[in-house]
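Numbering of the sequence shown is given in our numbering, commencing with residue 2 and proceeding in unit increments.
Cβ coordinates follow ideal geometry from the N, Cα and C atoms, glycine included.
Data block below; observations after.
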Amino acid sequence: SHPPNDSFEKALNIEFNQLQQLQTAVVVEKKSANKGTYSSVHAHYITKQSKDEIIKYYESELKKHGWKFVEKEFVKSIYGELAEERYKFIKDDKKLFLSFSQNPVEAEYTFSISLGGH
């Protein structure tokens with residue numbers, strides 16, 4: 002059961018803003034959405050740092066803010082190819098994904114951070 006959606010979206014933005022993003026990462030896009038029963042905050046970043054460095058950084062940063070790592074998932078495209086590798090974290094009734102594009106050049110981002118409700 003979520004509070005009225007604009008307040009849940011606000012809560013997600015507050016969570017997002019509390020995170021100290023990776024120093025070398027440049028934001029290419031950030032958006033906040035509120036669709037019916039679903040709110041989300043999403044940001045794409047570009048960095049030259051390795052995937053391992055990014056994961057290590059966010060695991061420690063997210064832990065500081067009470068996020069708990071749940072699982073690593075592989076998301077396939079509609080054509081059945083691997084589209085994204087993502088790491089799922091949860092905190093209360095919120096979830097966060099740290100995702101890596103399998104084709105950063107085409108996708109024009111290295112990794113993304115998305116927050117939403119369960």
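Extent of the continuous alpha helix (DSSP H) to which residue 79 belongs: Unbroken run through residue 79: none, as it is neither H nor E.
Under DSSP, the alpha helix (DSSP H) around residue 63 begins and ends at which residues? 52-65
Spatial neighbours of residue 68 within its chain, please: CB distance less than 8 Å, with the 5 preceding and 5 following residues excluded, ordered by chain position. 90, 91, 92 and 97
With DSSP as the reference, label residue 49 as helix, strand or coil. coil
What do you reckon, are the CB atoms on residue 103 and residue 74 nearer than 8 Å? no
In or out: residue 77 buried (at least 16 other Cβ within 10 Å) or exposed? exposed
With DSSP collapsed to three states, give me the class of residue 104. coil
Suppose you measure from the CA of residue 94 to the CA of residue 107; what does that come to, to the nearest Å? 33 Å
For residue 14, I'd like the list of residues in its chain whose CB is within less than 8 Å of its CB, leaving aside the five on either flank, ordered along the chain. 33 and 42
Give the DSSP-derived three-state secondary structure of residue 109 in the structure shown. coil
Would you report the Cα separation of residue 87 and residue 100, rounded to the nearest angstrom? 4 Å
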